[in-house]
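A quick write-up on the structure given underneath.
Protein chains in written order, with our numbering: chain Z, 3 to 115; chain E, 8 to 117.
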C-alpha cells in the first residue's frame with residue numbers, strides 16, 4: 003500500500019530536550035516536505051527536499067533541522083524544542099512540486115512543556 | 008506575495024443541503040489549484056485539482072470545484088452533504104511553491 007508514515011504519532015516533551023520525528027514514504031517520490039498546522043493558520047511549510055541531499059527552507063524553518071540521506075526518509079529534528087513549537091506536524095511526499103498531488107502522513111501531535 | 012485565502016472559518020450545514028466553500032488566490036499567473044480534506048485525526052486527502060482547461064472540475068466523494076479566472080476563485084461545491092463530510096477543508100495553490108489557505112471547518116447537523 004502506498005503510504006507516508008510518521009513516528010511517533012503523539013509526543014509530549016520538555017523544553018530543550020532534542021527530539022526527532024521520522025517520516026518515510028514507499029512511493030519512490032523525489033519531493034518531500036514538512037508542514038506544521040496551527041489553528042487559523044492552515045499548513046505552513048517548514049522544510050522541503052527536492053531529492054537526496056537537497057533540502058531547503060520553507061516558510062517557518064526556525065528551530066528545525068532536516069536531513070535527506072535516503073530517498074524514502076526525511077526526518078524532522080528539533081534540537082532544542084520550545085513551547086511555541088507545540089503543533090500538529092505533517093510530512094508529505096510527491097513525484098514533483100508544481101502540479102503534483104501531495105501525499106500526507108497521518109500527523110504527529112507534539113506538545114512541548 | 009502569493010497567497011491563498013479561505014474567507015469562511017467555519018460553516019454549518021444541514022445534512023442533505025448543498026455546500027459551497029470559497030477560495031481565492033493571489034498569484035501573478037494562474038497556479039495549479041487543489042482542494043484537500045482533513046477528517047478528524049487524519050492526514051490530508053486530495054479531493055480534486057485544477058491545471059487548465061474546463062473550469063468545472065470533478066473530484067472524489069461527489070465534490071466539484073469551479074475555477075473563475077476573472078475572480079481569482081476556486082470554490083468547492085457539493086450538491087447534497089452527508090454527515091461524513093464533516094471535516095476541515097483546505098484550498099491550496101502552487102507554481103514553484105505550495106501554499107495552503109487557513110482552512111474551513113464544516114459541521115453537518117442532522
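Don't be surprised by glycine CBs; every beta carbon is placed ideally from N, CA and C.
Practice problem: State whether the region 93-102 of chain Z contacts the region 31-42 of chain Z, with contact taken as three or more CB pairs (one from each stretch) at a distance under 8 Å. | Solution: Taking 8 Å as the limit for Cβ pairs, the verdict is that the region 31-42 of chain Z does touch the region 93-102 of chain Z.
Practice problem: Answer yes or no: do residue 80 (chain Z) and residue 66 (chain Z) have a C-beta to C-beta separation smaller than 8 Å? | Solution: Counting from 1 along the first chain, the entry for residue 80 (chain Z) is found at position 78. Counting from 1 along the first chain, the entry for residue 66 (chain Z) is found at position 64. A contact, by the Cβ cut-off of 8 Å.
Quiz prompt | is_contact[residue 97 (chain Z), chain E] using C-beta, thresh 8 Å | solution = Numbered from 1 along the first chain, position 95 holds the residue referred to as residue 97 (chain Z). Output row for residue 97 (chain Z): interface = no.
Exercise. Please list the partners that residue 103 (chain Z) has in chain E, where partner means a Cβ-to-Cβ separation under 8 Å.
Key: For the purposes of this step, residue 103 (chain Z) is taken as residue 101 along the first chain, with counting starting at 1. Within chain E, the residues near residue 103 (chain Z) are 41, 53, 56.
Practice problem: Starting from residue 47 (chain Z), find everything on chain E with Cβ-Cβ shorter than 9 Å and list it in chain order. | Solution: For this step, residue 47 (chain Z) is matched to residue 45 along the first chain. Here the neighbours are 104, 105, 106, 107.
Quiz item: Hey, out of Z:108, Z:114, Z:115, whose CA is closest to residue 11 (chain Z)'s CA?
Solution: Translated into positions along the first chain, residue 11 (chain Z) becomes position 9. Cα-wise, what sits closest to residue 11 (chain Z) is Z:108.
Quiz item: What are the start and end residues of the beta strand (DSSP E) that includes residue 40 (chain E)?
Solution: For this step, residue 40 (chain E) is matched to residue 33 along the second chain. In the DSSP annotation of this structure, the continuous segment of the beta strand (DSSP E) that includes residue 40 (chain E) starts and ends at 39-45.
Quiz item: Which residues, in order along the region 23-46 of chain Z, keep a beta-carbon less than 7 Å from a beta-carbon of chain E?
Solution: For the region 23-46 of chain Z, which is checked against every Cβ of chain E, the residues closer than 7 Å are 42, 43, 44, 45.
Exercise. Would you please state the rounded distance, in angstroms, between the beta carbons of residue 90 (chain Z) and residue 39 (chain Z)? I believe it to be under 8 Å.
Key: Indexing the first chain from 1 puts residue 90 (chain Z) at position 88. Indexing the first chain from 1 puts residue 39 (chain Z) at position 37. That pair is a contact at about 4 Å.
Quiz item: Looking only at its own chain, which residues have a Cβ that is under 6 Å from the Cβ of residue 65 (chain E), when we skip the five neighbours before and after it?
Solution: On the second chain, position 58 is the one that residue 65 (chain E) refers to. Only 71 meet the Cβ criterion.
Self-check item: Element boundaries [beta strand (DSSP E), containing residue 36 (chain Z)]
Solution: Taking the first chain and counting its residues from 1, one reaches residue 36 (chain Z) at position 34. Going by DSSP, residue 36 (chain Z) is part of the beta strand (DSSP E) stretching over 33-40.
Quiz item: Ordered along the chain, which non-local residues of its own chain (more than five positions away) have a Cβ less than 7 Å from that of residue 11 (chain E)?
Solution: Numbered from its first residue, the second chain carries residue 11 (chain E) at position 4. Once the five neighbours on either side are set aside, the close Cβ partners of residue 11 (chain E) are 30, 32, 98, 99, 100, 106, 107, 108.
Practice problem: Tell me, please, whether the CB atom of residue 110 (chain E) is closer than 8 Å to any CB atom in chain Z? | Solution: To locate residue 110 (chain E), count along the second chain from 1; it is residue 103. For residue 110 (chain E), the answer is yes, since a Cβ of chain Z falls inside 8 Å of its Cβ.
Self-check item: Chain-ordered chain E contacts of residue 100 (chain Z) [CB-CB under 7 Å]
Solution: The count along the first chain starts at 1 and reaches residue 100 (chain Z) at position 98. Annotation: Cβ neighbours of residue 100 (chain Z) in chain E (cutoff 7 Å, chain order): 39, 101, 102, 103.
Exercise. Answer yes or no: does any C-beta atom of chain Z fall closer than 8 Å to that of residue 74 (chain E)?
Key: Looking up residue 74 (chain E) in the second chain gives position 67. No - not a single Cβ of chain Z is within 8 Å of the one on residue 74 (chain E).
Quiz item: When the cut-off is 8 Å and only beta carbons count, does residue 76 (chain Z) lie next to chain E?
Solution: As a working note, residue 76 (chain Z) is residue 74 in the first chain. In terms of beta-carbon proximity, residue 76 (chain Z) stays away from the interface with chain E, with every pair separated by 8 Å or more.
Practice problem: Mind checking which residues open and close the beta strand (DSSP E) that includes residue 24 (chain Z)? | Solution: Within the first chain, residue 24 (chain Z) is the residue found at index 22, counting from 1. According to the DSSP assignment, residue 24 (chain Z) belongs to the beta strand (DSSP E) that extends over 21-27.
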